[in-house]
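Numbering (the numbering used here), first residue to last: 52 to 387.
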């Protein structure tokens with residue numbers, strides 16, 4: 052398939068300009084035998100990727116396929132293996148960076164390690180440039196059913212998911228649905244046996260009408276609403292929404308505000324957390340308590356609020372009504 056990333060050091064990164072000392076990191080995720088090694092090998096064989104920078108290839112798991120460094124068109128590639136998770140630490144990664152004077156790092160990450168472990172170990176001088184995830188299409192749906200947390204972890208922050216060894220009789224909709232339940236921003240590529248690759252072009256209409264005078268969010272759609280509003284805030288600003296949520300009241304919440312939200316399960320029961328928005332009550336409810344259920348109609352804005360310790364979606368209440376609690380099996384919002 053065509054290479055979808057560029058080893059040229061970026062001029063910018065999210066949050067500001069790159070410092071001269073920062074090392075660009077290209078992170079490749081996926082389970083064993085998903086196609087990571089093959090993709091990296093072909094990329095490093097591409098003469099267009101040679102720009103004179105010293106590259107550290109960091110291998111966190113070794114599968115059946117091995118790298119043939121003699122075929123690399125990219126020069127000055129140093130290979131290091133970290134199979135012991137204890138060696139995935141800031142001290143060791145800084146040491147390897149200095150040892151090879153690396154200007155960019157290519158990481159083949161272990162499929163059984165959580166991404167947060169990598170982020171925790173990253174030296175301050177490292178900056179993620181691109182992240183791609185690979186799955187074997189033949190085993191993906193089974194892995195998603197039996198190892199949901201690991202699958203979620205590989206998709207949640209990646210820029211692209213590649214389904215290798217895809218076959219014509221497979222349903223793209225099944226694969227698409229799993230990815231979109233985790234991220235609506237991730238690009239999806241189906242690479243067929245034989246090398247043909249297709250980008251996913253399945254449309255993802257929202258389950259609610261964003262152009263309605265009042266956008267009504269069904270209880271079952273709250274998790275998607277919360278995620279999409281945070282990922283695509285711009286298209287919600289100025290919209291009026293109506294939904295049911297659970298209040299949270301705290302001394303940390305500014306006077307005249309409460310937090311309104313739901314418990315959301317992203318990947319598994321261990322990952323359930325309360326997520327909500329700052330709601331300016333406008334005097335419409337004065338005695339709300341934590342865990343009170345409310346039906347809220349509010350206009351969405353974007354401004355600084357101490358709830359976020361920065362800027363975020365702020366809901367301006369138009370109507371607030373007390374509501375009956377959701378049934379116990381519906382209290383936790385999910386993406387399914």
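All residues carry an ideal CB built from backbone N, CA and C; glycine is no exception.
Outcome for residue i when other beta-carbon atoms lying within 10 angstroms are tallied against a minimum of 16
i: residue 261; result: exposed
i: residue 53; result: Reliability fails at residue 53, whose pLDDT of 37 lies under 50, so the model's placement of it is uncertain and the value that follows must be treated cautiously. By the 10 Å Cβ count, residue 53 comes out exposed.
i: residue 195; result: buried
i: residue 285; result: exposed
i: residue 351; result: buried
i: residue 225; result: exposed
i: residue 236; result: exposed
i: residue 218; result: exposed
i: residue 355; result: exposed
i: residue 74; result: buried
i: residue 170; result: exposed
i: residue 76; result: buried
i: residue 132; result: exposed
i: residue 282; result: exposed
Beta-carbon proximity of residue i to residue j, cut-off 9 Å
i: residue 270; j: residue 85; result: no
i: residue 128; j: residue 78; result: no
i: residue 313; j: residue 277; result: yes
i: residue 250; j: residue 268; result: no
i: residue 87; j: residue 145; result: no
i: residue 382; j: residue 336; result: no
i: residue 311; j: residue 298; result: yes
i: residue 147; j: residue 109; result: yes
i: residue 388; j: residue 295; result: Because the chain spans 52 through 387 in this model, residue 388 falls outside it and cannot be assessed.
i: residue 134; j: residue 111; result: yes
i: residue 339; j: residue 366; result: no
i: residue 386; j: residue 257; result: no
i: residue 332; j: residue 363; result: no
Three-state secondary structure (DSSP) of residue i
i: residue 384; result: strand
i: residue 100; result: helix
i: residue 339; result: coil
i: residue 216; result: strand
i: residue 140; result: coil
i: residue 354; result: strand
i: residue 152; result: coil
i: residue 75; result: strand
i: residue 63; result: Note that residue 63 has pLDDT 29, beneath the 50 cutoff, so the model's placement of it is unreliable and the number below is only indicative. Note: residue 63 maps to strand in three-state DSSP.
i: residue 272; result: helix
i: residue 332; result: coil
i: residue 239; result: strand
i: residue 267; result: strand
i: residue 175; result: coil
i: residue 163; result: coil
i: residue 23; result: Lying outside 52 to 387, the shown extent of the chain, residue 23 is not represented and no answer is given.
i: residue 298; result: strand
i: residue 304; result: coil
i: residue 226; result: helix
i: residue 87; result: helix
i: residue 170; result: helix
i: residue 180; result: strand
i: residue 131; result: strand
i: residue 124; result: coil
i: residue 288; result: coil
i: residue 94; result: helix
i: residue 262; result: coil
i: residue 188; result: helix
i: residue 204; result: helix
i: residue 80; result: strand
i: residue 280; result: helix
i: residue 322; result: helix
i: residue 366; result: strand
Integer-rounded CB distance, given that residue j should sit under 8 Å from residue i
i: residue 89; j: residue 116; result: 6 Å
i: residue 173; j: residue 210; result: No, residue 173 and residue 210 are not in contact; Cβ-Cβ is about 17 Å, not under 8 Å.
i: residue 309; j: residue 300; result: 5 Å
i: residue 216; j: residue 253; result: At roughly 20 Å, the Cβ-Cβ gap does not stay under 8 Å, so residue 216 and residue 253 are not in contact.
i: residue 358; j: residue 304; result: 6 Å
i: residue 165; j: residue 137; result: Not quite, the Cβ-Cβ distance comes to about 15 Å (not below 8 Å), so this is no contact.
i: residue 375; j: residue 344; result: 7 Å
i: residue 121; j: residue 101; result: About 15 Å separates the two Cβ atoms, so there is no contact after all.
Among the options, the one whose alpha carbon lies nearest that of residue i
i: residue 326; options: 254, 230, 240 and 342; result: 342
i: residue 167; options: 206, 153 and 157; result: 206
i: residue 105; options: 131, 154, 237 and 355; result: 154
i: residue 369; options: 358, 181, 137 and 348; result: 348
i: residue 201; options: 220, 247, 219 and 233; result: 233
i: residue 114; options: 81, 75, 373 and 231; result: 81
i: residue 98; options: 120, 126, 76 and 220; result: 126
i: residue 247; options: 213, 257 and 280; result: 213
i: residue 156; options: 241, 307, 180 and 364; result: 180
i: residue 189; options: 177, 162 and 220; result: 220
i: residue 163; options: 83, 175 and 361; result: 83
i: residue 152; options: 187, 273, 177 and 139; result: 177
i: residue 130; options: 107, 373 and 141; result: 107
i: residue 322; options: 199, 378, 229 and 272; result: 199
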